Each structure stands twice: as C-alpha cells, then as structure tokens.
Amino acid sequence: MGFIEKLGRIDSRVLYVLLVVVLLYPLVKPMGLPVSLSSWTKTSYAVIDAVPSGETVVIDIGYNIDGAPDVEPQLEAVLRHLFEKGVKIIYRATSTTGP
128 MGFIEKLGRI
138 DSRVLYVLLV
148 VVLLYPLVKP
158 MGLPVSLSSW
168 TKTSYAVIDA
178 VPSGETVVID
188 IGYNIDGAPD
198 VEPQLEAVLR
208 HLFEKGVKII
218 YRATSTTGP
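Structure, rendered in structure tokens:
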C-alpha cells in the first residue's frame, strides 16, 4: 500500500481538524517578522505630517482597476493619516476607471 492510498483512507474530519490547527497557529502565535521602512515611506509620512489641520489636499486616484491591488492599500494609508489630521480632501481622477 502506497503513501497516497494511506492518505486516501484517513477520515476527512481528521484532515479538516489538522487544517484548522495549522491555519490558526500563526494567528495565536505570530512569527514576528520585522517590517522595514524605506526612506520614501519616511519622507511621505513627514510630508503628510507637515500639512496643517484644516488645510485642503488634492489627491489623484487615477489608477486603473488592474493596478488597484498595488495602489489601493497605499491610498488607504495616506487617506487615514490625512483624516486623522482633520485635512479636507479633494479627489481627482486622471483615468476613466479612477472614480
């Protein structure tokens, strides 16, 4: 009897319990990987931090839908930072799919 046949005879409930344990372990005990900040990130944060409260900022959201997975998390972080500072935001789109 080969390995595949033995694996096929295992009760599926045991496999599901094993799968849940393997997936929940990193949530309970995170690995603690270091996060490094680039100079671009530090500069961007400093520029946003220098904007006075109550000022108006124009943000271009002119990216296509295929670029959303890369750009949207960055946009959300910038917007969250601006909202916390109480800055007024004007959205602008240079792409037809931006809005």
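With my numbering applied, the sequence shown covers 128 to 226. The beta carbon of each residue, even a glycine, is placed where N, CA and C say it ideally should be. Predicted model, so just to flag it, every value in this text is computed and none were measured.
For this session: Would you mind stating whether Asp-187 and Thr-221 have Cβ atoms separated by less than 9 angstroms?
Result: yes
Exercise. Is it true that the CB of Lys-212 sits closer than 9 angstroms to the CB of Val-178?
Worked result: yes
Exercise. Nearest CA to the CA of Ser-171: which residue from His-208, Thr-224, Ile-131?
Worked result: His-208
Exercise. Assuming Thr-224 and Ile-192 make a contact with CB atoms under 8 angstroms, what is their CB distance in whole Å?
Worked result: At roughly 5 angstroms, the Cβ-Cβ gap stays under 8 angstroms, so Thr-224 and Ile-192 are in contact.
Problem set entry | Under 9 angstroms between C-beta atoms of Gly-181 and Val-205 | no
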